[in-house]
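A.B. asks:
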Amino acid sequence: MAQKQKRREDTRRKIIYGSAALILAGQFTGEQREKFMKRLHENVSREADRKFLGLAPSAVEKILVTKPGEN
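For the sequence shown, my numbering assigns the number 3 to the initial residue and increments by one for each residue that follows.
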């Protein structure tokens with residue numbers, strides 16, 4: 003039971019911080035916003051999440067799926 007509650011709280015924390023980060027990003031303009039979003043995108047590591055958000059595969063994923071001779 004305690005583990006389930008801990009997981010719920012962790013999920014809620016992520017949702018709250020994620021929402022706050024998106025609100026903050028909306029307050030930035032131009033280059034400042036681009037840099038902020040780039041930093042957020044760099045920290046999305048799960049390929050399924052990157053795909054859902056419309057992000058390019060991570061550098062590690064590109065290495066794993068690239069055939070010899072491809073760039």
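Positions of the beta carbon are idealized from the N, C-alpha and C atoms, including for glycine.
So, at 7 Å on beta carbons, what are the nonlocal neighbours of His43 in its own chain, with the 5 sequence-adjacent residues on each side left out?
C.D. replies: Leu57
A.B. asks: Which residue from Glu49, Phe38, Gln5 puts its Cα closest to that of Ala22?
C.D. replies: Phe38
A.B. asks: If you draw a straight line from the C-alpha of Lys8 to the C-alpha of Val46, how long is it?
C.D. replies: 22 Å
A.B. asks: Going by beta carbon distance, what residues of the same chain come within less than 7 Å of Arg35, once the five residues before and after it are set aside?
C.D. replies: Contacts found: Ala27.
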